[in-house]
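This report concerns only the one structure given below.
Protein chains: 4
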Amino acid sequence: MNDMHAFASQVFASQPFSQFIGAELVASSSDSAELALTVQDHHKQQHGFVHGGVLSYLADNAITFAGGLALGGNALTAEFKINYLRPAIGSRLVALAQARSAGKRMAICQCEIYALDGESRKLCALAQGTVVPAA
Amino acid sequence: MNDMHAFASQVFASQPFSQFIGAELVASSSDSAELALTVQDHHKQQHGFVHGGVLSYLADNAITFAGGLALGGNALTAEFKINYLRPAIGSRLVALAQARSAGKRMAICQCEIYALDGESRKLCALAQGTVVPAA
Amino acid sequence: MNDMHAFASQVFASQPFSQFIGAELVASSSDSAELALTVQDHHKQQHGFVHGGVLSYLADNAITFAGGLALGGNALTAEFKINYLRPAIGSRLVALAQARSAGKRMAICQCEIYALDGESRKLCALAQGTVVPAA
Amino acid sequence: MNDMHAFASQVFASQPFSQFIGAELVASSSDSAELALTVQDHHKQQHGFVHGGVLSYLADNAITFAGGLALGGNALTAEFKINYLRPAIGSRLVALAQARSAGKRMAICQCEIYALDGESRKLCALAQGTVVPAA
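Residue numbers (this note's numbering), protein chains in the order written: chain A, 13 to 147; chain B, 13 to 147; chain C, 13 to 147; chain D, 13 to 147.
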């Protein structure tokens, strides 16, 4: 487990886009991953909310890690779907992804994204997708 | 039409995340939008391909603009789905989104994302989603 | 609540396709719905598993009812996505849908579909979708 | 090609649910499939439109056949997403699915569903999904 978290952390650290956007892999287990991001102005869209593209990045990547951990190695998100539930307003976002099933050739994961604002924690997006082993 | 493109360009320019990630709104019509992005190293994942989160941002935002133009004003992507077809390798990405239907309360859009590499142009992602008027 | 369940049951009973396919609305709450179906040979595909179209009907309709109950009236599924996790084998299927958020113009729901076989109960599909008030 | 259409027709004919619901495989190519269904009262929901579950069955199955033909053999829809664009009203439905990419382990397909009513032909649903070879 510690080895898998170390492996996941190393993969995460080697993703230039995750560094650029400022995301963190804050936790993982044998079938789940938690990403977080401290919201900055450059993450926003024209109305001052976090841009959907930031949320979709978090969903995509949290799903990749949850699925990869469940599959046991390097993996890719093959597809996912996201619904935005409310405007993402807050100082920090947390994305929790969980593999709901995993076989030899794919894992199916769900992801919840919360916006934290002071003591409030609101669900702002739900995603679901497929992860496959890297070829 | 010119007015709508000017409006769309102004909205796009006011999206901090679109500026941060380096995207451009290169064309639009009454029901479509084309975004592009010159690939830089910080857009990549651990294997050297463009990160799925960059593609999902392009899909989300191209769909927002195509749907907003079809609906005639400020709009939000409510949900979308994306399939990654092949690794996105190249110097530039182009996302073409088109509204396939538009009513009073929503527009349904599809988006194709191409990776350009020298003279090659490969379809690397397909997306489909729903756009609603901004409240 | 009783009134809402009576309303939901009445709507369900007035769906010819639900009668034709043999589904039942077995439970509901203010934001959830449970559908069930006793598997018969005519529900199957070429390998002897329940056809994906039966599962997608259950997901679509369970989501409609969960969302409609959360929205408080007649409603339609605007879109949904389904992942099939394993072949649906068993004597009975149960679809549990829950609204995860509901506003004035839409509810977002998730749905789990289980196959029951003797004492075994296996998750065989996950779905997520959007419900809107009937115009 | 003829062989593949014969193979697809044989698989289709061996799907009890497709027979039960009354669908037909009307055409196929090396990467596409067309299904059709003559609308009967038992296909409808409470407002008199074709039930979403019928449309989702058509999308699921047209995608399976388009993807299976592109992959060259027995195949399963692993996941798909559908957006309903307008109420499906008419005497006949036609679902056209096309593989947009196909590799060794999956094909990605899109599907358009039209409702035919007299001389009118209206797009009423769009779907997109993933097909994998049968294990």
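From the three backbone atoms N, C-alpha and C, an ideal C-beta is built for every residue, glycine too.
In this text, all values refer to a predicted model and were calculated from it rather than measured experimentally.
- For the segment 36-63 of chain D, which residues have a beta carbon sitting closer than 9 Å to at least one beta carbon of chain B? none
- Message: Could you check whether A/A127 and A/A100 sit closer than 9 Å to each other, using their CB atoms as the reference points?
- Response: By one-based count along the first sequence, residue 100 of chain A stands at place 88. By one-based count along the first sequence, residue 127 of chain A stands at place 115. For A/A100 and A/A127, yes; Cβs fall inside 9 Å.
- Query: Between the C-alpha atoms of A/F24 and A/Q31, what's the straight-line distance to the nearest angstrom?
  - Reply: By 1-based counting over the first sequence, the position of residue 24 of chain A is 12. By 1-based counting over the first sequence, the position of residue 31 of chain A is 19. Taking the straight line joining both Cα atoms gives about 9 Å.
- Query: Is B/P99 helix, strand or coil by DSSP?
  - Reply: Numbered from 1 along the second sequence, position 87 holds the residue referred to as residue 99 of chain B. Of the three classes helix, strand and coil, the one that applies to B/P99 here is coil, per DSSP.
- Task: Starting from the Cα of C/A35, find the closest Cα among C/T50, C/Q122, C/D43 and C/N14 and give me that residue.
- Result: As a working note, residue 35 of chain C is residue 23 in the third sequence. Out of C/T50, C/Q122, C/D43 and C/N14, C/T50 has the C-alpha closest to the C-alpha of C/A35.
- Contact set for A/H17: own chain, Cβ-Cβ below 7 Å, skip 5 residues either direction: Residue numbering aside, residue 17 of chain A sits at position 5 when the first sequence is read from its first letter. Cβ neighbours of A/H17 beyond the five flanking positions: S40.
- Task: Taking C/I148 as the reference, give the member of A/S42, A/I75 and A/E124 with the closest Cα.
- Result: In the structure displayed, chain C extends from 13 to 147; residue 148 of chain C sits before or after that span and is not available.
- Message: Whole angstroms are fine: how far does the CA of D/S42 sit from the CA of D/D15?
- Response: Working through the fourth sequence from its first residue, we reach residue 15 of chain D at position 3. Working through the fourth sequence from its first residue, we reach residue 42 of chain D at position 30. Taking the straight line from one Cα to the other gives about 10 Å.
- Could you spell out where the alpha helix (DSSP H) holding C/D129 opens and where it closes? On the third sequence, residue 129 of chain C is found 117 positions in, with the first residue counted as 1. Run containing C/D129: none in the alpha helix (DSSP H); it sits in the beta strand (DSSP E), A119 to D129.
- Query: With a Cβ-Cβ cutoff of 9 Å, do D/Y96 and C/A90 count as a contact?
  - Reply: Stepping through the fourth sequence from its first residue, residue 96 of chain D is reached at position 84. Stepping through the third sequence from its first residue, residue 90 of chain C is reached at position 78. Cβ atoms of D/Y96 and C/A90: closer than 9 Å.
- Query: Are the C-beta of D/D15 and some C-beta of chain C separated by less than 9 Å?
  - Reply: Along the fourth sequence, read from residue 1 onward, the residue named residue 15 of chain D stands at position 3. No, no contact with chain C.
- Whole-number beta carbon distance between D/G130 and D/I75, since they are thought to touch under 8 Å: Position 63 of the fourth sequence holds residue 75 of chain D. Position 118 of the fourth sequence holds residue 130 of chain D. Actually they do not touch by this definition, with Cβ atoms about 28 Å apart.
- Query: Over what stretch of residues does the alpha helix (DSSP H) that includes C/Q22 continue unbroken?
  - Reply: By 1-based counting over the third sequence, the position of residue 22 of chain C is 10. From DSSP, the alpha helix (DSSP H) with C/Q22 extends over N14 to A25.
- Write down the C-beta distance between B/F92 and B/A139 rounded to the nearest angstrom, noting that I regard them as a contact closer than 8 Å. The residue labelled residue 92 of chain B in the question sits at position 80 within the second sequence. The residue labelled residue 139 of chain B in the question sits at position 127 within the second sequence. Contact holds; Cβ gap of about 5 Å.
- May I ask which residues mark the beginning and end of the alpha helix (DSSP H) holding B/G60? Taking the first residue of the second sequence as position 1, residue 60 of chain B is located at position 48. Looking at the DSSP string, B/G60 is not in any alpha helix (DSSP H), and its letter there is neither H nor E.
- Task: Give the residues of chain C in contact with D/E91, contact being defined as C-beta atoms less than 8 Å apart.
- Result: As a working mapping, residue 91 of chain D is identified with position 79 in the fourth sequence. The answer, in chain order, is K93, I94, N95 and Y96.
- Return the CA-CA distance between A/A111 and A/G85, expressed in angstroms with no decimal places. Sequence index remark: in the first sequence, residue 111 of chain A carries index 99 (1-based). Sequence index remark: in the first sequence, residue 85 of chain A carries index 73 (1-based). Each residue's alpha carbon lies about 14 Å from the other.
- Message: Using 9 Å as the threshold, is the C-beta distance between B/I94 and B/L67 below it?
- Response: As a working note, residue 94 of chain B is residue 82 in the second sequence. As a working note, residue 67 of chain B is residue 55 in the second sequence. Closer than 9 Å, so yes.
- Task: Classify B/V204 as helix, strand or coil using the three-state DSSP reduction.
- Result: No information on residue 204 of chain B is available, as it lies outside the stretch 13 to 147 that chain B covers here.
- Name, please, each residue of chain C whose Cβ falls closer than 8 Å to the Cβ of A/I120. By one-based count along the first sequence, residue 120 of chain A stands at place 108. Under the 8 Å cutoff, chain C gives N95, L97 and L138.
- Message: Give me the chain B residues within the contact set of C/T142, using Cβ-Cβ distance strictly less than 8 Å, ordered along the chain.
- Response: Position 130 of the third sequence, counting from 1, holds the residue named residue 142 of chain C. Within chain B, the residues near C/T142 are A90, E91 and T142.
- Message: Counting only Cβ pairs nearer than 7 Å, list the residues of chain D close to C/S26.
- Response: Reading the third sequence from its first residue, position 14 is the one you call residue 26 of chain C. Result: Q58.
- By how many angstroms is the C-alpha of B/G65 removed from the C-alpha of A/A107? Here residue 107 of chain A is taken as the residue at index 95 of the first sequence, counted from 1. Here residue 65 of chain B is taken as the residue at index 53 of the second sequence, counted from 1. Approximately 14 Å, taken between the alpha carbons.
- Item | Proximal residues of chain B, C-beta to C-beta of C/R117 below 8 Å | To locate residue 117 of chain C, count along the third sequence from 1; it is residue 105. Residues of chain B passing the Cβ test: R117 and V144.
- Query: Just to confirm, does B/S68 get its C-beta within under 8 Å of one of the non-hydrogen atoms of the ligand FMN?
  - Reply: As presented, the structure is devoid of all ligands, the ligand FMN included, so that no description of it is given.
- For D/S113, I'd like the list of residues in its chain whose CB is within less than 8 Å of its CB, leaving aside the five on either flank, ordered along the chain. Numbered from 1 along the fourth sequence, position 101 holds the residue referred to as residue 113 of chain D. Within the same chain, D/S113 has close Cβ partners A119 and I120.
- Quick one: what's got a C-beta closer than 6 Å to B/A45's C-beta in the same chain, skipping five residues either side? Looking up residue 45 of chain B in the second sequence gives position 33. Taken in chain order, the residues that qualify are A74, F77, A78 and A109.
- Terminal residues of the continuous beta strand (DSSP E) containing A/S40? For the purposes of this step, residue 40 of chain A is taken as residue 28 along the first sequence, with counting starting at 1. Run containing A/S40: A35 to S40, per the beta strand (DSSP E) assignment.
- Message: Taking a contact to mean a Cβ-Cβ separation below 9 Å, would you say D/H63 touches C/P145 in this structure?
- Response: Reading the fourth sequence from its first residue, position 51 is the one you call residue 63 of chain D. Reading the third sequence from its first residue, position 133 is the one you call residue 145 of chain C. Cβ distance not < 9 Å, so D/H63 and C/P145 don't count as in contact.
- Task: Report the three-state DSSP secondary structure of D/A78 (helix, strand or coil).
- Result: Sequence index remark: in the fourth sequence, residue 78 of chain D carries index 66 (1-based). Of the three classes helix, strand and coil, the one that applies to D/A78 here is helix, per DSSP.
- Item | Within chain C, partners of A/L108 - CB distance below 9 Å | Numbered from its first residue, the first sequence carries residue 108 of chain A at position 96. The contacting residues do not exist; A/L108 stays about 14 Å from chain C at best.
- Item | Alpha-carbon spacing of D/G115 relative to A/L83, whole angstroms | The residue labelled residue 115 of chain D in the question sits at position 103 within the fourth sequence. The residue labelled residue 83 of chain A in the question sits at position 71 within the first sequence. Approximately 21 Å between the Cα atoms of the pair.
- Query: Smallest Cα separation from B/K56: which of B/R104, B/S132 and B/V143?
  - Reply: Sequence index remark: in the second sequence, residue 56 of chain B carries index 44 (1-based). The candidate whose alpha carbon is nearest that of B/K56 is B/R104.
- Task: Alpha carbon to alpha carbon, how far is A/V143 from A/R117? Give it in angstroms, no decimals.
- Result: Along the first sequence, one-based indexing puts residue 117 of chain A at 105. Along the first sequence, one-based indexing puts residue 143 of chain A at 131. Between A/R117 and A/V143, the C-alpha separation is close to 9 Å.
- Message: Just to confirm, is the Cβ distance from D/L81 to D/A20 under 9 Å?
- Response: Stepping through the fourth sequence from its first residue, residue 81 of chain D is reached at position 69. Stepping through the fourth sequence from its first residue, residue 20 of chain D is reached at position 8. Against a cut-off of 9 Å, the Cβ pair of D/A20 and D/L81 comes out as a contact.
- Message: Our contact map puts C/Q58 next to D/S26 with C-beta atoms below 8 Å; I'd like the distance itself, whole angstroms only.
- Response: On the third sequence, residue 58 of chain C is found 46 positions in, with the first residue counted as 1. On the fourth sequence, residue 26 of chain D is found 14 positions in, with the first residue counted as 1. Right, their Cβ atoms sit about 4 Å apart.
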